[in-house]
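Structure first, commentary second.
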Amino acid sequence: MTDPDLWQKWSAARVRAAHQAPYLAAALLSLHPVMVTGTRGELRRFPADTGWRVYVEVEELARQSVREVAFWLVHQVTHLLREHARRYPGGVVELLPEEQQAWNLATDAEINDDLTADISDLTSDIPPETAAPTRPGLPPDTTTPARHDLPPDVTTPALLGLPDGWTAEQYWQALREAAHRHEQPEHDHPPHPPTAPGDCGSGCDGLPRAWNRDDLPPALSPTAARLTALDTARRIRERLNAQDDVPAGWRRWAGQVLEPTVSWRRHLSARVRHGLAQAAGRADYTYRRPSRRAAALPGVVLPSLHRPLPSVTVLIDTSGSITETMLAQALAEVTGVLRAMGIARRLLTVITCDARAYRPQTLTRISDLRLDGGGGTDLRAGFAAALSTRPPPDLIIAITDGRTPWPHRPPRTRVIVALLDPAGQAPEWAQTVHVEGAS
Ligand SMILES: [Zn+2]
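Under this note's numbering, the letters of the sequence shown match residues -17 to 421, in that order.
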């Protein structure tokens, strides 16, 4: 793009977008514009791709108001921050084109729900000169629509006949069900969902588009995008702490990003359960002695466990770099799973370890745990201590930032590593779970 007026319009739109949603300012600045010509119409939503490149059709930029462009920038950066491409249901099974469009509608409904809140809450506070800065040579933004107007071509939950506040997955499911009812003429059905009036690009579903410029380096790598999301979530948290208003969808999102308790917890639980099941698998399930549950099911002989339950040692890295909150959370999770599996306290040993291993503890309560340590890290000492018991434990769960030397050879005992630092290392022979939000 050579026209300086258009560059100014682009900058003005970005400034205005950052005023509309100040917590998105850093994310908006990360968007890299790629100027495109000759695809007018298709690109009227300024679509983005998963590399945070935003495709700016020059004629569209000239035609639309600063307010409209600002709206679309906030909209597209929201697709990226909320990882709609990763959440695309077609990642698991291939979808029909109309289902792909339904995902675009569903994600738009999730986004615009909050954007309309933003616009009605915030635009009234913006002085016009800040909202749309003009410079000599740039004509005033006369095309600005009325204050509470959204650009045309915007999907809201109301337009889909669905309530506010749902996730994209919920809207998508409802749209699919509505489409299915529509195929059955005997049913009275709500109006057929409108077809997607525009395309939000790969940023919405991760699928390639003709205009994508994958030859250009991405504006943000996946890691940088993750950091931008964390930063954005922290800004939202700060605003909430300062009693500033943030739309509900963004509040929820920030909570999920900063405390992703569900994902890693489930994952860790699954790993621990699996590890225990495999350890217990070495015990015989036998029909020789009837299970006590058999009494409740007359005529059915249930297998009973012939050998004792597996024993577990939790190895905790207590070197200086670890945050206690996260340690406590990871440990609470581990012990919760063990309790649910019926592992008696006497079968659970905790060993804290920095550069050396401390005395093994058998816990009654988590709060009784002594977090000895605080020095350098060498978990090999912890492994040696754990494996020195007779018999050795059936399962070792190591909670660590991974900044430690590991035993060169895999121990004979199964090992699960709960890794608190994404940059930390776990050995190949261990099952690893990344505990997010630890650092
Ligand atoms: Zn969209």
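Glycine included, C-beta positions come from ideal geometry on N, C-alpha and C.
Run the CB neighbour count on residue i, radius 10 Å, all protein chains shown included, and call it buried at 16 or more, exposed below.
{"i": "L157", "result": "buried"}
{"i": "E159", "result": "exposed"}
{"i": "R372", "result": "exposed"}
{"i": "S12", "result": "buried"}
{"i": "R191", "result": "buried"}
{"i": "E92", "result": "buried"}
{"i": "L198", "result": "exposed"}
{"i": "L78", "result": "exposed"}
{"i": "D(-15)", "result": "exposed"}
{"i": "S370", "result": "exposed"}
{"i": "T210", "result": "buried"}
{"i": "N223", "result": "exposed"}
{"i": "G422", "result": "Examination of residue 422 is not possible in this model, given that the chain is present from -17 through 421 alone."}
{"i": "R64", "result": "buried"}
{"i": "D336", "result": "buried"}
{"i": "R391", "result": "exposed"}
{"i": "Q225", "result": "exposed"}
{"i": "Q260", "result": "exposed"}
{"i": "E42", "result": "buried"}
{"i": "G427", "result": "Since the first residue of the chain shown is -17 and the last is 421, residue 427 is not available in this structure."}
{"i": "K(-9)", "result": "buried"}
For residue i and residue j, what's the separation of their Cα atoms in angstroms?
{"i": "T124", "j": "V48", "result": "Unreliable positioning characterises T124 in this predicted model, as indicated by a pLDDT of 39, which lies under 50. A coordinate reading is not provided."}
{"i": "T19", "j": "A44", "result": "12 Å"}
{"i": "L377", "j": "I298", "result": "14 Å"}
{"i": "Y70", "j": "S203", "result": "19 Å"}
{"i": "R(-2)", "j": "R247", "result": "39 Å"}
{"i": "L258", "j": "I381", "result": "17 Å"}
{"i": "W193", "j": "A52", "result": "21 Å"}
{"i": "A161", "j": "A30", "result": "28 Å"}
{"i": "R321", "j": "G143", "result": "46 Å"}
{"i": "R221", "j": "E50", "result": "25 Å"}
{"i": "Q413", "j": "H256", "result": "10 Å"}
{"i": "Y5", "j": "R217", "result": "5 Å"}
{"i": "R328", "j": "H14", "result": "58 Å"}
{"i": "P362", "j": "P387", "result": "Note that residue 362 corresponds to Arg in the displayed sequence, not to Pro. Spanning the two alpha carbons is a distance of roughly 7 Å."}
{"i": "Y340", "j": "Y153", "result": "53 Å"}
{"i": "E81", "j": "Q155", "result": "10 Å"}
{"i": "W(-11)", "j": "A207", "result": "25 Å"}
{"i": "L402", "j": "V296", "result": "15 Å"}
{"i": "L212", "j": "R219", "result": "10 Å"}
{"i": "P342", "j": "R385", "result": "22 Å"}
Name, in chain order, the residues that DSSP records as bridge partners for residue i.
{"i": "E39", "result": "V18"}
{"i": "T414", "result": "V399"}
{"i": "L422", "result": "In the structure displayed, the chain extends from -17 to 421; residue 422 sits before or after that span and is not available."}
{"i": "L330", "result": "V294"}
{"i": "C335", "result": "D299 and A339"}
{"i": "P30", "result": "Here residue 30 turns out to be Ala, not Pro, going by the sequence shown. Answer is V36."}
{"i": "T382", "result": "L401"}
Does the separation of the CB atoms of residue i and residue j fall below 8 Å?
{"i": "P229", "j": "D96", "result": "yes"}
{"i": "S184", "j": "A88", "result": "no"}
{"i": "V59", "j": "L10", "result": "yes"}
{"i": "P139", "j": "P133", "result": "no"}
{"i": "A215", "j": "A201", "result": "no"}
{"i": "R26", "j": "R195", "result": "no"}
{"i": "A312", "j": "V399", "result": "no"}
{"i": "R(-4)", "j": "L62", "result": "no"}
{"i": "T395", "j": "P409", "result": "no"}
{"i": "T317", "j": "D354", "result": "no"}
{"i": "I302", "j": "G356", "result": "The sequence as given places Gly at residue 302; Ile does not occur at that position. Yes, these two residues count as a Cβ contact at 8 Å."}
{"i": "L188", "j": "T32", "result": "In the sequence under discussion, the amino acid at residue 188 is Gly, which differs from the Leu named in the question. In this structure, T32 lies closer than 8 Å to G188 by Cβ."}
{"i": "I304", "j": "D383", "result": "yes"}
{"i": "I379", "j": "V239", "result": "no"}
{"i": "A368", "j": "I325", "result": "no"}
{"i": "E151", "j": "S251", "result": "no"}
{"i": "V294", "j": "L345", "result": "no"}
{"i": "A423", "j": "A7", "result": "Only positions -17 to 421 of the chain appear in this structure, which leaves residue 423 out of reach."}
{"i": "T137", "j": "N94", "result": "yes"}
Quick one: does the C-beta of residue i sit closer than 7 Å to a heavy atom of ligand 3?
{"i": "T89", "result": "Ligand 3 is not among the ligands present in this structure, which contains only ligand 1."}
Measuring only between beta-carbons, confirm whether residue i sits less than 8 Å from chain C.
{"i": "D187", "result": "This model lacks chain C altogether; it includes just one protein chain."}
Taking only runs of the beta strand (DSSP E) that begin and end inside the region 176 to 232, which ones reach a length of at least 3 residues, in chain order?
none
Taking only runs that begin and end inside the region 130 to 166, name each unbroken alpha helix (DSSP H) of 4 or more residues, in chain order.
150 to 164
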